[in-house]
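Trainee: Per my numbering, the very first residue in the sequence shown carries number 50; after that it's consecutive. Quick one: structure below, then a few questions.
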Amino acid sequence: MTPLVLAYGDVILRDRIPADIADHRRWLTSETAWLEWDAPWEKIDERWVQKYLQRMAETLRRPLPPVRSTLEICHRDGTHIGMVNAYYIDGDKEKPAVGITLRESRYWGRGLGSQAFPLWLDYLFRAGGYPRLYCQTWSGNTRMVRLALKCGFRESQRLVNCREVQGRRYDALTFVLSRCRFAGLPVPDRR
Ligand SMILES: CC(C)(COP(=O)(O)OP(=O)(O)OC[C@H]1O[C@@H](n2cnc3c(N)ncnc32)[C@H](O)[C@@H]1OP(=O)(O)O)[C@@H](O)C(=O)NCCC(=O)NCCS
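In structure tokens:
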């Protein structure tokens with residue numbers, strides 16, 4: 050299957066290549082600031098990291114799926130900066146969800162998430178044919194909340210005080226976005 054490359058503005062979304070694994074290892078060992086924002090209540094240890102990287106290497110040896118569940122994010126300057134993913138909430142096929150992490154923290158707050166996330170949503174609505182997509186985060190993650198809202202997501206569930214981060218309680222948030230609403234948003238043509 051032909052590798053997938055999607056481009057918009059300063060970002061490129063592309064299929065994973067073997068060289069990406071070294072970056073993912075670094076993002077789990079030294080460049081780890083993103084972990085304080087992406088489900089910081091989940092504890093990861095050395096064993097988990099090894100398994101994660103091993104699974105990644107195994108997936109690279111398999112054929113690409115027709116609809117991708119993950120793509121790597123690169124900056125136009127060539128730097129590999131993170132990834133987007135798709136999964137089913139609690140394994141429920143009626144609840145496809147999307148995620149994004151810019152794992153290189155020096156690239157945060159520069160509008161790159163605002164380019165990469167709608168590109169990923171556009172791809173999944175078209176290729177996956179989903180009527181709606183969900184997105185999960187927590188109330189302390191202002192960048193992610195604002196990004197979800199500006200992409201058209203609306204809050205669909207709020208579990209008050211159910212997340213604890215650095216001794217403070219936050220709400221667990223689920224957002225939902227319908228394909229119709231996304232299609233109607235005033236975004237530039239990304240094809
Ligand atoms: C969340 C993330 C994808 C956002 O991407 P980004 O490129 O940093 O964000 P952008 O520059 O596109 O800005 C998105 C919104 O956040 C706002 N924002 C950016 N930096 C901010 C900051 N330090 N404080 C508050 N808001 C901020 C922007 O103003 C924008 O909102 P607006 O358009 O309504 O003004 C990225 O920061 C990231 O990956 N963080 C670490 C991992 C993570 O949190 N992933 C999400 C897990 S659920």
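Backbone N, C-alpha and C fix where the C-beta goes; we use that ideal spot for every residue, glycine too. Note that this is a predicted model, so its numbers are computed, not measured.
Spell out the partners DSSP gives Trp-187 in its beta bridges.
Mentor: Residue numbering aside, residue 187 sits at position 138 when the sequence shown is read from its first letter. According to DSSP, which records beta bridges pairwise, Trp-187 is partnered with Ala-221.
Trainee: State the start and end residues of the unbroken alpha helix (DSSP H) segment that holds Thr-119.
Mentor: The residue labelled residue 119 in the question sits at position 70 within the sequence shown. Here Thr-119 belongs to no alpha helix (DSSP H); instead the beta strand (DSSP E) covers 119-124.
Trainee: Does the separation of the CB atoms of Leu-161 and Leu-170 fall below 9 angstroms?
Mentor: Position 112 of the sequence shown, counted from the start, is the residue given in the question as residue 161. Position 121 of the sequence shown, counted from the start, is the residue given in the question as residue 170. No, the Cβ-Cβ distance between Leu-161 and Leu-170 is not below 9 angstroms.
Trainee: So, is Glu-269 buried or exposed, given that buried needs 16 or more other C-beta atoms within 10 angstroms?
Mentor: Residue 269 lies beyond the range of the chain shown here (50 to 240); nothing can be said about it.
Trainee: Let me make sure I understand the geometry here. Which of Arg-65, Ala-197 and Arg-230 has the alpha-carbon closest to that of Gln-164?
Mentor: Mapped onto the sequence shown, residue 164 falls at position 115. With distances taken between Cα atoms, Gln-164 lies closest to Ala-197.
Trainee: For Glu-190, verify whether its CB is less than 8 angstroms away from any heavy atom of ligand 1.
Mentor: The count along the sequence shown starts at 1 and reaches residue 190 at position 141. First, the amino acid is wrong: residue 190 is Asn here, not Glu. Checking every heavy atom of ligand 1 against the Cβ of Asn-190, one is found closer than 8 angstroms.
Trainee: Could you round the C-beta distance between Leu-173 and Cys-200 to whole angstroms and report it? I think they count as a contact, below 8 angstroms.
Mentor: Sequence index remark: in the sequence shown, residue 173 carries index 124 (1-based). Sequence index remark: in the sequence shown, residue 200 carries index 151 (1-based). The C-beta distance from Leu-173 to Cys-200 rounds to 12 angstroms, too long to meet the 8 angstroms contact threshold.
Trainee: The beta strand (DSSP E) that contains Met-37, what's its start and end?
Mentor: Because the chain here runs from 50 to 240, residue 37 falls outside it and cannot be looked at.
Trainee: Is any heavy atom of ligand 1 found at a distance shorter than 8 angstroms from the C-beta of Leu-55?
Mentor: Along the sequence shown, one-based indexing puts residue 55 at 6. For ligand 1, not one heavy atom lies less than 8 angstroms from the Cβ of Leu-55.
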